[in-house]
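Enquirer: The structure follows.
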Amino acid sequence: MNLKKLALFVTLFIPFLLNAQAINTSPNDDFKCGISEEAAALIKQRLMANRELFTRQEVENLVTGRTTTYIPVTIHNVAEGSSGLGKTSEQTILAFLCGLNAIYANQDVQFFLHGPIRNRVSPNIYYNASTTTSTFQMLSYRVGGTLNLIIGSSINNPRASWYSPSGDYIFLLQQMLTSTAVTEAHEIGHFFTLPHTFYGWEGQDVVDLYPSRILPFCGSGSNAPERVARTGATANCQIAADGFCDTPADYFSDRLNCPFPSFSDCDTVLLDPDESNMMSYAFDACIN
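The sequence shown runs contiguously to residue 293 in the working numbering.
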């Protein structure tokens with residue numbers, strides 16, 4: 006079975022919330038997920054397309070009979086030059102892989118190294134991983150049939166890690182790597198075609214946009230804002246935002262202080278996002 010089909014199966018039978026159980030550290034406020042709006046839209050599109058490939062009964066059968074899915078991982082460890090400047094230690098890499106497996110264990114998903122860690126030399130990625138030249142280099146690194154994780158410092162633009170749905174690789178900012186693997190789990194969630202819980206609100210501050218703290222419109226279709234209701238005639242959780250009804254509606258695309266500000270959907274129902282969801286940005290200070 007190829008990796009894409011494995012990823013499809015995982016997405017379908019994850020009852021997915023990737024909750025941050027037993028994680029007591031918060032991601033650094035300065036670091037964020039760096040996927041673009043175009044990439045976010047492509048991830049959502051793939052999720053919805055995947056759902057069309059299986060009936061509900063087929064998915065239920067997969068869930069009932071599933072065993073552990075093992076995902077082969079290729080690590081590309083990028084340094085500035087032959088001296089090894091900027092290279093990530095093997096200890097750090099193995100620590101975050103262990104943390105990643107701990108997070109995904111209750112989903113019966115485990116990751117393993119597909120061959121030795123590949124040491125790469127790229128001044129471009131070391132200084133700025135977001136340039137076109139860096140993108141082409143990362144594309145050239147990919148090993149087929151594996152999840153490609155490219156680790157670099159990007160010292161002149163150290164703001165984000167991201168998944169590239171067009172390039173099908175993940176760039177992990179070295180400064181964001183931890184043994185709790187929160188960032189890593191989030192980006193791999195995108196690889197499994199999981200959108201942000203606040204999909205549709207990327208780069209927007211809903212509280213600044215609507216000081217009344219009530220969304221003044223409802224909209225229609227898959228691009229409409231998600232309503233809080235999970236059932237009933239107005240519920241749109243199957244198609245709106247991240248497309249999951251077991252994920253509460255979330256309009257907060259930036260980390261917030263705890264408790265987060267009150268805000269209501271167009272039905273004047275108060276939002277209550279799940280701050281423990283790995284695909285959310287709701288501020289992790291709210292997690293005990």
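Using N, Cα and C, we set each Cβ at its ideal position, and we do this for glycine too.
Computed from a predicted structure; not experimentally measured.
Among L52, T136 and A234, which one has its Cα closest to the Cα of G194?
Expert: The sequence position of residue 194 within the sequence shown is 189, counting from 1. Comparing Cα-Cα distances from G194 to each of L52, T136 and A234, the minimum goes to L52.
Enquirer: Given a cut-off of 8 Å on the beta-carbon distance, is the pair Y332 and R147 in contact?
Expert: Residue 332 cannot be examined here, being either before or after the span of the chain that is shown, 6 to 293.
Enquirer: What is the rounded straight-line gap between the Cα of N82 and the Cα of C103?
Expert: On the sequence shown, position 77 is the one that residue 82 refers to. On the sequence shown, position 98 is the one that residue 103 refers to. When rounded, the distance between both Cα atoms is 17 Å.
Enquirer: Between which two residues does the beta strand (DSSP E) carrying Q115 extend?
Expert: Start at 1 with the first residue of the sequence shown, and residue 115 comes out as number 110. That run of the beta strand (DSSP E) goes V114 to L118.
Enquirer: Give the DSSP bridge partners of P77, in chain order.
Expert: Residue 77 sits at position 72 when you count from the first residue of the sequence shown. DSSP, once it has assigned bridges, lists F117 as partnering P77.
Enquirer: Closest by CA to G120, which one among A46, S281, T151 and F101?
Expert: Position 115 of the sequence shown, counting from 1, holds the residue named residue 120. Measuring from the Cα of G120, the nearest candidate turns out to be T151.
Enquirer: Given a cut-off of 8 Å on the beta-carbon distance, is the pair Y75 and F117 in contact?
Expert: The residue given as residue 75 occupies position 70 in the sequence shown. The residue given as residue 117 occupies position 112 in the sequence shown. It is a contact, given that the beta carbons lie within the stated cut-off.
Enquirer: Might you give, ordered along the chain, the residues of its own chain that have their beta carbon closer than 8 Å to the beta carbon of L294, omitting 5 neighbours on each side?
Expert: Residue 294 lies beyond the residue range present for the chain, which begins at 6 and ends at 293; the question has no answer from this structure.
Enquirer: Can you find at least 3 beta carbon pairs, one from the stretch 219-230 and one from the stretch 197-204, that sit closer than 8 Å?
Expert: Because the criterion of three Cβ pairs below 8 Å is not met, the stretch 219-230 and the stretch 197-204 do not touch.
Enquirer: For a quick check, are the C-beta atoms of G157 and F141 less than 8 Å apart?
Expert: Position 152 of the sequence shown, counted from the start, is the residue given in the question as residue 157. Position 136 of the sequence shown, counted from the start, is the residue given in the question as residue 141. The answer is no: Cβ separation not under 8 Å.
Enquirer: Taking CB distances under 8 Å as the criterion, tell me whether S225 reaches chain D.
Expert: Among the protein chains of the structure shown there is no chain D, as only one such chain exists.
Enquirer: Decide if N228 is buried, meaning its Cβ has at least 16 other Cβ atoms within 10 Å, or exposed.
Expert: Here residue 228 refers to the residue found at position 223 of the sequence shown. Per the 10 Å Cβ criterion, exposed.
Enquirer: Does the stretch 40-50 come close enough to the stretch 79-97 that 3 or more CB-CB pairs lie under 8 Å?
Expert: The answer is no - the stretch 40-50 does not touch the stretch 79-97, with fewer than three Cβ pairs under 8 Å.
Enquirer: Enumerate in chain order the residues of its own chain whose CB-to-CB distance from P20 is below 6 Å, with the five nearest sequence positions on each side excluded.
Expert: Within the sequence shown, the letter at position 15 stands for residue 20. With a pLDDT of only 47 at P20, under the threshold of 50, the placement of this residue in the model should not be trusted; the figure read from the coordinates follows. Closer than 6 Å at Cβ, skipping near neighbours: no residue.
Enquirer: Let's test the definition: count the other Cβ atoms within 10 Å of the Cβ of N161 and tell me whether it reaches 16, buried, or not, exposed.
Expert: For the purposes of this step, residue 161 is taken as residue 156 along the sequence shown, with counting starting at 1. By the neighbour-count rule (16 or more Cβ atoms within 10 Å), N161 is not buried but exposed.
Enquirer: Which residues in the same chain as Q62 place their Cβ atom closer than 8 Å to its Cβ, once the five residues preceding and following it in sequence are excluded?
Expert: In the sequence shown, the residue the question calls residue 62 occupies position 57. Correct list: empty, nothing qualifies.
Enquirer: From R123 to I40, what distance separates their C-alpha atoms?
Expert: Translated into the one-based positions of the sequence shown, residue 123 becomes position 118. Translated into the one-based positions of the sequence shown, residue 40 becomes position 35. Each residue's Cα considered, the two are about 24 Å apart.
Enquirer: P266: buried (16+ other C-beta within 10 angstroms of its C-beta) or exposed?
Expert: Counted from its first residue, the sequence shown places residue 266 at position 261. That one is exposed.
Enquirer: In terms of alpha-carbon separation, which member of V114, S135 and S139 lies closest to V126?
Expert: As a first step, residue 126 is located in the sequence shown; it is residue number 121 there, counting from the start. Measuring from the Cα of V126, the nearest candidate turns out to be S139.
Enquirer: Whole angstroms are fine: how far does the CA of I108 sit from the CA of V114?
Expert: The residue you call residue 114 lines up with position 109 of the sequence shown. The residue you call residue 108 lines up with position 103 of the sequence shown. When rounded, the distance between both Cα atoms is 9 Å.
Enquirer: Nearest to D255 by alpha carbon, out of V212, L182, P278 and G172?
Expert: Reading the sequence shown from its first residue, position 250 is the one you call residue 255. Minimum Cα distance to D255 is reached at P278.
Enquirer: Looking only at its chain, what residues have a beta carbon closer than 7 Å to the beta carbon of Q243, apart from the 5 residues adjacent to it on each side?
Expert: For the purposes of this step, residue 243 is identified with residue 238 of the sequence shown, where counting begins at 1. C250.
Enquirer: Quick one: is N66 buried, meaning 16 or more other Cβ sit within 10 Å of its Cβ, or exposed?
Expert: Here residue 66 corresponds to residue number 61 of the sequence shown, with the count starting at 1. By the neighbour-count rule (16 or more Cβ atoms within 10 Å), N66 is not buried but exposed.
Enquirer: Only counting runs of 4 or more residues, tell me where the alpha helix (DSSP H) segments fall wholly within the stretch 126-202, in order along the chain.
Expert: DSSP runs (the alpha helix (DSSP H)) wholly in the stretch 126-202: 128-132, 137-146 and 187-196.
Enquirer: Assuming D259 and D210 are in contact, meaning their beta carbons sit under 8 Å apart, how far apart are those beta carbons, in whole angstroms?
Expert: For this step, residue 259 is matched to residue 254 along the sequence shown. For this step, residue 210 is matched to residue 205 along the sequence shown. About 7 Å separates the two Cβ atoms, so the contact holds.
Enquirer: Could you give the DSSP three-state label for A84: helix, strand or coil?
Expert: One-based indexing of the sequence shown puts residue 84 at position 79. Strand, per DSSP.
Enquirer: Unbroken alpha helix (DSSP H) runs of length 4 or more, entirely within the stretch 206-235: which are they?
Expert: Those alpha helix (DSSP H) runs which fall completely within the stretch 206-235 and span 4+ residues are 211-214.
Enquirer: Using the beta-carbon count (16 or more within 10 Å), is R235 buried or exposed?
Expert: Residue numbering aside, residue 235 sits at position 230 when the sequence shown is read from its first letter. Label assigned to R235: exposed.
Enquirer: Relative to the C-alpha of G89, which residue among N111, G248, V78 and Y131 is closest?
Expert: Translated into the one-based positions of the sequence shown, residue 89 becomes position 84. Of N111, G248, V78 and Y131, the residue nearest in Cα terms is Y131.
Enquirer: On the DSSP bridge list, what partners appear for C38?
Expert: Residue mapping note: residue 38 aligns to position 33 of the sequence shown, counting from 1. Partner(s): S166.
Enquirer: Can you tell me whether L199 is buried or exposed, with buried defined as 16 or more other CB within 10 angstroms of its CB?
Expert: What you label residue 199 is simply residue 194 of the sequence shown in a count that begins at 1. When all chains shown are included, L199 counts as buried.
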